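Report on the following structure.
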Amino acid sequence: MPERARRVAALVKQNVATIIIEEFTRPEMQWITITDCVMTRDLKHADLYFSSVEQRLAHEEAAKVLEEEKGRIKKKLAARIVLKFMPELHFKWDDTVLIDQKIQEIKDAERRDT
(Lines of atoms letter the chains of each structure in order from A and count residues from 1; the text may use other names and numbers.)
(Lines give C-alpha, C1' and ligand atoms only; values in the text may rest on other atoms or scores of the structure.)
Protein backbone atom coordinates (compact mmCIF):
# COMPACT_ATOMS: atom_id res chain seq x y z
CA MET A 1 0.00 0.00 0.00
CA PRO A 2 1.45 3.41 -0.95
CA GLU A 3 2.41 5.84 1.81
CA ARG A 4 -0.51 8.18 1.09
CA ALA A 5 -2.97 5.28 1.30
CA ARG A 6 -1.42 4.27 4.65
CA ARG A 7 -1.79 7.80 6.03
CA VAL A 8 -5.39 8.10 4.82
CA ALA A 9 -6.18 4.63 6.22
CA ALA A 10 -4.86 5.65 9.64
CA LEU A 11 -6.93 8.84 9.51
CA VAL A 12 -10.09 6.98 8.46
CA LYS A 13 -9.58 4.30 11.14
CA GLN A 14 -9.06 6.83 13.91
CA ASN A 15 -12.03 8.96 12.91
CA VAL A 16 -14.45 6.06 12.36
CA ALA A 17 -13.50 4.61 15.76
CA THR A 18 -14.10 8.01 17.38
CA ILE A 19 -17.41 8.44 15.56
CA ILE A 20 -18.62 5.03 16.77
CA ILE A 21 -17.70 5.85 20.37
CA GLU A 22 -18.85 9.47 20.53
CA GLU A 23 -21.69 9.87 18.06
CA PHE A 24 -23.86 6.78 18.44
CA THR A 25 -26.19 6.01 21.32
CA ARG A 26 -27.09 2.47 20.24
CA PRO A 27 -25.78 0.30 23.09
CA GLU A 28 -24.49 -2.42 20.75
CA MET A 29 -22.24 0.12 18.98
CA GLN A 30 -20.27 0.66 22.20
CA TRP A 31 -18.90 -2.91 22.04
CA ILE A 32 -17.44 -2.51 18.53
CA THR A 33 -13.73 -1.79 18.07
CA ILE A 34 -12.14 -0.81 14.75
CA THR A 35 -8.89 -2.78 14.57
CA ASP A 36 -7.52 -1.89 11.12
CA CYS A 37 -8.21 -0.02 7.91
CA VAL A 38 -6.89 -0.85 4.45
CA MET A 39 -7.39 1.60 1.57
CA THR A 40 -7.32 0.86 -2.14
CA ARG A 41 -4.63 2.65 -4.17
CA ASP A 42 -7.17 5.12 -5.57
CA LEU A 43 -8.48 5.86 -2.02
CA LYS A 44 -12.07 5.17 -3.09
CA HIS A 45 -12.63 2.10 -0.89
CA ALA A 46 -11.78 1.48 2.75
CA ASP A 47 -11.89 -1.99 4.29
CA LEU A 48 -12.49 -1.41 8.00
CA TYR A 49 -11.79 -4.44 10.18
CA PHE A 50 -13.70 -4.65 13.44
CA SER A 51 -14.07 -6.85 16.46
CA SER A 52 -16.41 -6.91 19.41
CA VAL A 53 -14.93 -6.21 22.82
CA GLU A 54 -14.82 -9.42 24.84
CA GLN A 55 -17.12 -10.96 22.22
CA ARG A 56 -20.17 -9.39 23.88
CA LEU A 57 -21.66 -8.85 20.45
CA ALA A 58 -21.73 -11.65 17.86
CA HIS A 59 -19.86 -10.66 14.73
CA GLU A 60 -22.94 -11.18 12.55
CA GLU A 61 -24.93 -8.79 14.73
CA ALA A 62 -22.07 -6.28 14.82
CA ALA A 63 -21.77 -6.43 11.01
CA LYS A 64 -25.52 -5.85 10.69
CA VAL A 65 -25.39 -2.82 13.00
CA LEU A 66 -22.43 -1.32 11.13
CA GLU A 67 -24.11 -1.91 7.78
CA GLU A 68 -27.28 -0.18 9.02
CA GLU A 69 -25.27 2.82 10.24
CA LYS A 70 -22.78 2.95 7.35
CA GLY A 71 -24.42 5.96 5.70
CA ARG A 72 -24.43 7.99 8.92
CA ILE A 73 -20.84 7.00 9.66
CA LYS A 74 -19.74 8.08 6.18
CA LYS A 75 -21.59 11.40 6.50
CA LYS A 76 -19.99 12.12 9.88
CA LEU A 77 -16.59 11.08 8.49
CA ALA A 78 -16.99 13.53 5.60
CA ALA A 79 -17.59 16.31 8.14
CA ARG A 80 -14.32 15.45 9.92
CA ILE A 81 -11.83 14.88 7.09
CA VAL A 82 -11.39 16.48 3.69
CA LEU A 83 -10.69 14.17 0.76
CA LYS A 84 -11.37 14.54 -2.94
CA PHE A 85 -13.52 11.41 -2.78
CA MET A 86 -15.01 10.05 0.42
CA PRO A 87 -14.20 6.32 0.37
CA GLU A 88 -16.87 3.65 0.32
CA LEU A 89 -16.76 1.92 3.68
CA HIS A 90 -16.65 -1.87 3.81
CA PHE A 91 -16.83 -3.43 7.28
CA LYS A 92 -15.14 -6.80 7.74
CA TRP A 93 -14.90 -9.01 10.82
CA ASP A 94 -11.36 -9.22 12.22
CA ASP A 95 -10.89 -12.73 13.54
CA THR A 96 -7.31 -12.18 14.71
CA VAL A 97 -8.63 -11.32 18.18
CA LEU A 98 -10.28 -14.75 18.43
CA ILE A 99 -7.16 -16.46 17.13
CA ASP A 100 -5.03 -14.62 19.71
CA GLN A 101 -7.43 -15.64 22.48
CA LYS A 102 -7.31 -19.30 21.41
CA ILE A 103 -3.52 -19.26 21.29
CA GLN A 104 -3.43 -17.73 24.77
CA GLU A 105 -5.85 -20.39 26.07
CA ILE A 106 -3.62 -23.15 24.65
CA LYS A 107 -0.54 -21.59 26.25
CA ASP A 108 -2.34 -21.27 29.59
CA ALA A 109 -3.48 -24.91 29.41
CA GLU A 110 0.09 -26.05 28.65
CA ARG A 111 1.43 -24.07 31.63
CA ARG A 112 -1.14 -25.67 33.94
CA ASP A 113 -0.25 -29.15 32.68
CA THR A 114 3.49 -28.76 33.28
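In terms of numbering that gives the first Met the number 0, the sequence shown opens at residue 0 and continues consecutively.
Backbone N, C-alpha and C define an ideal beta-carbon position, used for all residues, glycine too.
Predicted, not measured: the structure shown is a model, and the values here were computed from it.
Top-ranked residue by Cα proximity to residue i, from the options
| i | options | result |
| --- | --- | --- |
| I98 | A9, A78 and S50 | S50 |
| E118 | D112, I18, Q13 and R25 | No answer is possible for residue 118: the residues shown for the chain start at 0 and end at 113. |
| V15 | M28, R3 and T113 | M28 |
| A8 | E109, Q100 and M38 | M38 |
| D35 | K63, R5 and F23 | R5 |
| T32 | L42, H58, Q103 and R40 | H58 |
| F23 | E67, D107 and A108 | E67 |
CB of residue i within 8 Å of CB of residue j, strictly
| i | j | result |
| --- | --- | --- |
| L76 | V11 | yes |
| I18 | I80 | no |
| P1 | R40 | yes |
Helix, strand or coil at residue i [DSSP, three-state]
| i | result |
| --- | --- |
| T95 | helix |
| T17 | helix |
| query | With a cut-off of 8 Å, do at least 3 Cβ pairs link the segment 39 to 49 to the segment 89 to 108? | reply | yes
| field | Within the segment 36 to 93, ranges of the alpha helix (DSSP H) (whole runs, at least 4 residues) | value | 58 to 79
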